[in-house]
Amino acid sequence: MTTWNQVYDPFGSPWLSTLAASLPVIALLGMIASGKVKAHIAAVLSLVLAFCVAVFLFGMPADLAARASGYGVALGLFPIGWIILNVIFLYRLTVEKGWFATLQQSVAGITTDRRLQLLLVAFAFGAFFEGAGGFGTPVAVTGAILIGLGFSPLAASGLSLIANTAPVAYGALGAPIQGLASVTGYDPYILGAMIGRQLPFFSILVPFWLIWVFAGFRGMVQIWPAILVCGGSFALAQFGISNYVNPWIVDIGAALVSMGALVLFLRVWRPATIWTSPALRGNDPSLGFVTAEGGAKAAPTGAYARTASSSEIMMAWVPWIILSVIVAIWGTGWFKALVNPIFTWKYEVPGLHNVIMKVPPVVAKAHPEAAVFAFTYMSYTGTGVLFAAIISGLLMRFSPWRLVTAYLETIWVLRYSLITISAMLALGVLTRYAGVDATLGLAFAGTGILYPFFGTLLGWLGVALTGSDTASNVLFGGLQKITSEQLGLSGILMASANSSGGVMGKMIDAQSIVVASTATGYFGQEGKILRFVFWHSIVLACLVGVLVMLQAYVYPFNAMVIHP
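The working numbering numbers the first residue of the sequence shown as 1 and each following residue consecutively.
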């Protein structure tokens, strides 16, 4: 079969080629941010534009572009859409039975201060789900819990996205680290340790940032001891586990340490002023928004109608404990090794698999791009979530028939979100196979002495485009290694920076925003969420870039760099 070589500078001008490559993502973010185009329509229109750019500007054969788009749609549904569908299914079951309201009451029983609830739920609890499942699970779960606690839709959505940053590089039991190791050839333990010398700074910063965004500077200062305990304990555990244990269980271990430290600290410390407002400080355009059927419904701001007993509170946590245990098991290597040989269907996409050639300078030597849809349906995190939902539903005494009808209702409620996610992944996969994303990467690689800063932002761009730190690492990890070696920089430093910078792009990738709006019922308001988190994402990514610059050139920061 005839192969096609990717073209990274079709106009013979890096500036024009980069501008052409950026058109689809600019259009997508622009339409979503405008608030005038619904997310699923914006995603489909951007996919059409990306198709035209790939075919007419970058010379990709139309049949290859069509196959790549179809491949992306499948990847959007599995595993990402599959996770969201089943998490919302579980959530809706707990709401229908009244167990979710009891869970909200139990969280409020730990502390009624909204700022402390954010630390406990959005940061610490979310980090656990990031480590165990990743791929949108933490935002879906924490967004639903927060709005159920009474937070406004924009606060629940936006703050869940901001909180889900520092843990992302170790998400899904270290999947991004493994992906980075696979394309760079570096030891994943060394990469995990190097990232563990970058992100702990931000594990301390992000909780402060989170509360500052929600409650303002004065509201943040009022609870600084609790923030320091939450973020500091997470950072210490993150550094210790990544450098002295392994990169696979970093998030789970650090999250458990952080949750335990915060709960114990709150037994001996209380803020002088209890913050009860569920809205963002200043202007909150989501106040009064009635959440759609699929999302969480806010609990009353005041007291609950009835105080649940300790046994009822314990039972209310059972579905989420079941979910945590099953997702943790599903993410382990031994479980995947057990089920994947049996429950796997591998489909080599005809006319696409090994037909497209990635060529220098993006890679050291030309090699074909594989296109194998590995339908590992049993080991998908979403499948574990579905099992957790079914087990929990039976414990809640739902009939099998009601479970089926409730599942069909959930599919109908999420229909537009699933379309959006599928189109987003199709766009990302198409730009990858067309070489469009590599053109953007090469633009960053040409920044010379400033490369440690802009190389970090390349990781941010990769996650913003693909929605996945793993995908960004696979996409740009090899380029980071090649470019850094040409510039006399540490390849391990810059490969790690790709992942560390990427975590700050997670909050603005369109898939995560759709997940957040779906979980909170804030449908049709994705533009408001994007505008809310956009500048936070850029500023935090730039701060990571500054740290990497220091580690590249300035003592004592450069002493932190690991050399093989």
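Positions of the beta carbon are idealized from the N, C-alpha and C atoms, including for glycine.
Since we're looking at a predicted model, the values are computed, not measured.
So residue i packs on residue j, CB below 8 Å; how close in whole Å?
i    : j    : result
V362 : A438 : 5 Å
I227 : L119 : 7 Å
A39  : I32  : 6 Å
G158 : I529 : 6 Å
L49  : A27  : 5 Å
G501 : A541 : 6 Å
A445 : A43  : With 8 Å as the limit, A445 and A43 do not qualify as a contact, their Cβ atoms being about 29 Å apart.
Less than 8 Å between the beta carbons of residue i and residue j, yes or no?
i    : j    : result
T410 : I177 : no
F265 : V229 : yes
M357 : P341 : no
A155 : L280 : yes
M60  : A66  : no
P278 : Y522 : no
Y347 : P247 : no
K481 : A495 : yes
V139 : L161 : yes
F509 : A559 : For the record, residue 509 in the displayed sequence is Asp; it is not Phe. No, these two residues do not count as a Cβ contact at 8 Å.
P319 : W82  : no
E130 : N164 : yes
N5   : V349 : no
Y8   : L352 : no
S258 : A124 : yes
P452 : A497 : yes
Q104 : L547 : no
I252 : F128 : yes
T565 : G462 : Lying outside 1 to 564, the shown extent of the chain, residue 565 is not represented and no answer is given.
L403 : I391 : no
S69  : L47  : yes
S499 : D469 : yes
F214 : R115 : yes
G76  : L425 : yes
Drop a sphere of 10 angstroms on the beta-carbon of residue i, count the other beta-carbons inside from all chains shown, and report buried for 16 or more, exposed for fewer.
i    : result
T3   : exposed
I329 : exposed
A303 : At A303, the pLDDT of 40 sits below 50, so the modelled position is not reliable and the matter cannot be decided from this model.
F239 : buried
K365 : exposed
T405 : exposed
E526 : buried
H563 : exposed
G282 : exposed
M549 : buried
Y553 : exposed
D63  : exposed
V544 : buried
T276 : exposed
S586 : In the structure displayed, the chain extends from 1 to 564; residue 586 sits before or after that span and is not available.
S34  : exposed
T18  : buried
L262 : buried
G491 : buried
M314 : exposed
K36  : exposed
W269 : exposed
R92  : buried
Q551 : buried
Q117 : buried
In terms of DSSP beta bridges, what is residue i paired with?
i    : result
A374 : K346
W4   : I356
H367 : K358
Runs of alpha helix (DSSP H) lying entirely within the segment 209 to 284, each at least 4 residues, in chain order = Complete alpha helix (DSSP H) runs here, min 4: 224 to 244 and 250 to 266.
4-residue-minimum alpha helix (DSSP H) runs that sit fully inside the segment 475 to 506, ordered along the chain = Entirely contained in the segment 475 to 506, the alpha helix (DSSP H) runs reaching 4 residues are, in chain order, 491 to 502.
Enumerated in chain order, which unbroken segments of the alpha helix (DSSP H) with a length of 4 residues or greater are wholly contained in the segment 380 to 437?
-> Runs found: 381 to 395, 400 to 413 and 415 to 434.
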